[in-house]
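The opening residue of the sequence shown carries number 134 in the numbering used here; numbering runs sequentially from there. Ideal placement from N, C-alpha and C gives every residue a C-beta, glycine not left out. Please read these numbers as outputs of a predicted model, since none were measured by experiment. Have a look at the structure below, then the notes.
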Amino acid sequence: MADLQHVLGPADLSDADRAAILELARSIKATDGVPVPSRLRVGALYFDPSLRTRASFEQAVRVIGGAAQTLNPADTWNIELDPQAVMDGTSVENIVEAAGVLGRFFHLIGVRSFRRPGPWAVERTEPVLSRIAEHAGVPVISLEGATHHPCQGLADLLTLHEHFGDDLRGLPVTLCWSWHPRALPTAVPHTFLLQAALAGCDVAVAHPEGLDLDPEIVAQARTAAEARGGRVQVTHDRAAALAGRRVVYVKSWGPLEGGAPTPTSLRHWLVDEAALAATDAAKVMHCLPVRRNVVIASEVLDGPRSIVLDQAGNRLWAQAGLVSHLARRHGVIA
Ligand code: CP
């Protein structure tokens, strides 16, 4: 069995894996995806909503010649997530059998399952994704979990390379928190932080007090960046974190332990042209969906700084590279 099994976060991929995936993504993108028919069958299970991931993951499988099937648990049996549950309620199928069955149909399985209510100490173990990975018997790709969104991270990395060249070491990038009426999950900011660190970028993270990211992921990013000639700095001073930067990745998130909506007193963290004036002509990134004039001003999204659609477009090619790489490593395609 190939050693690369599940992809639940950026650290599940070695530098060599990442380079191979990006190379595959670029070459598939260059041909606009001329599929070579294969026996590859990929399933995707969504416990949470999606536009980009759902559409691009299916198309990614198709452009490499495989067959994709998207499953919405709301349309299947109600799945019990606790293998030890006494199932005398509404759930008629346990995740143990559901995962095992899907593993008999598909060579790879994508799963989206955001963080659930409950302690972060539990959620950071990815209880849904890791349980499916444990019982599926085939590789599982996170389509956004509680801790990470690795497919978004690969698309963001491909986009950074397209705009800033092959070597991202030392590139000044800022992960900049913005206000949102809901306390959003931390998967995307965790992934961008770690992915940029793994590329050796000079990463600043700016957020208000009380919105710390997972300390272990921050430490992991710091170690990864320093090993590659980069660094990670965290600050509550947004102006300092934006000055002279070439990339600003805007994202809102809530406290790790969940809870109340973010106070409206923080609405001034909206990223507009005035906030970006002291950057080094920074490009602006966001994973989408984005609330205009709440998270990012329309003047920014509609202007030349914005590369958010490049990121979204690259979801297709990055995932094609990822699925192709995994399927090759597991001997499903040549
Ligand atoms: N960025 C992203 O994952 O978008 P969706 O939630 O629409 O899939």
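heavy atom of ligand 1 below 7 Å from residue i C-beta
i, result
"ARG355", "no"
"GLN285", "yes"
"SER183", "yes"
"ARG424", "no"
"GLU277", "yes"
"THR186", "yes"
"LEU455", "no"
"CYS420", "yes"
"HIS139", "no"
"HIS470", "For residue 470 there is no data in the structure shown, the boundaries of the chain being 134 and 467."
"HIS282", "yes"
CB contact flag (residue i, residue j, <8 Å)
i, j, result
"CYS420", "GLN444", "yes"
"HIS139", "ALA316", "no"
"ARG264", "ALA279", "no"
"LEU346", "PRO322", "yes"
"HIS268", "ARG174", "no"
"ILE197", "PRO168", "yes"
"SER275", "GLY142", "yes"
"LEU287", "ILE440", "no"
"GLY363", "ALA330", "yes"
"LEU442", "GLN192", "no"
"HIS296", "THR324", "no"
"ARG378", "ASP413", "yes"
"GLU390", "PRO252", "yes"
"VAL244", "VAL273", "yes"
"ILE429", "SER311", "yes"
"ILE242", "GLY233", "no"
"ALA320", "VAL336", "no"
"LEU214", "VAL261", "yes"
"ILE203", "ARG185", "Here residue 203 turns out to be Thr, not Ile, going by the sequence shown. No, the pair does not count as a contact, with Cβ atoms beyond the cut-off."
"ALA372", "ALA411", "yes"
"ALA158", "LEU291", "yes"
"ALA231", "THR307", "no"
"ASP148", "LEU137", "no"
"PRO468", "GLY343", "Lying outside 134 to 467, the shown extent of the chain, residue 468 is not represented and no answer is given."
"ARG438", "LEU409", "yes"
Distance between residue j and residue i (C-alpha atoms, nearest Å)
i, j, result
"PRO314", "THR397", "8 Å"
"LEU403", "MET418", "14 Å"
"THR395", "ARG172", "47 Å"
"HIS458", "PRO170", "16 Å"
"THR209", "GLY176", "14 Å"
"ALA407", "ALA376", "12 Å"
"CYS309", "VAL381", "7 Å"
"GLU226", "TRP386", "33 Å"
"ARG425", "VAL433", "9 Å"
"MET134", "VAL367", "Low confidence applies here, because MET134 scores a pLDDT of 42, under 50, leaving its location unreliable; read the following figure in that light. If I take the Cα positions, the gap works out to 40 Å."
"LEU326", "THR356", "12 Å"
"VAL351", "TYR179", "28 Å"
"GLU259", "ARG249", "10 Å"
"GLN328", "ASP221", "43 Å"
"ALA467", "ARG461", "6 Å"
"VAL383", "VAL194", "29 Å"
"PRO341", "HIS369", "5 Å"
"ASP300", "ARG361", "11 Å"
"ALA332", "ALA339", "19 Å"
"PRO206", "GLN217", "20 Å"
"ALA200", "VAL465", "12 Å"
"PRO283", "VAL229", "24 Å"
Span of the alpha helix (DSSP H), counted from its first residue to its last, around residue i
i, result
"GLN444", "441 to 462"
"ASP289", "283 to 297"
"VAL417", "Careful: VAL417 lies outside any alpha helix (DSSP H), inside the beta strand (DSSP E) at 416 to 418."
"GLN353", "348 to 360"
"PRO260", "260 to 269"
"GLU256", "253 to 256"
Boundaries (first-last residue) of the beta strand (DSSP E) holding residue i
i, result
"SER147", "SER147 -> no beta strand (DSSP E), and no H or E assigned at all."
"LEU434", "First-last for LEU434: 431 to 434, but that is the alpha helix (DSSP H), not the beta strand (DSSP E)."
"LEU241", "241 to 245"
"ILE274", "273 to 275"
Minimum Cβ-Cβ distance from residue i to chain C less than 8 Å
i, result
"ARG151", "The question asks about chain C, but that chain is absent: this structure has only one protein chain."
List, from N- to C-terminal side, the alpha helix (DSSP H) runs of 4 residues or more that fit wholly inside the stretch 297 to 338. DSSP runs (the alpha helix (DSSP H)) wholly in the stretch 297 to 338: 320 to 331.
Ordered list of alpha helix (DSSP H) runs contained in the stretch 174 to 230, each at least 4 residues: Here the runs fully enclosed are 185 to 196.
Whole runs of the alpha helix (DSSP H) within the stretch 362 to 411, excluding any shorter than 4 residues: As far as the stretch 362 to 411 is concerned, its whole alpha helix (DSSP H) runs of at least 4 residues are 371 to 375 and 406 to 409.
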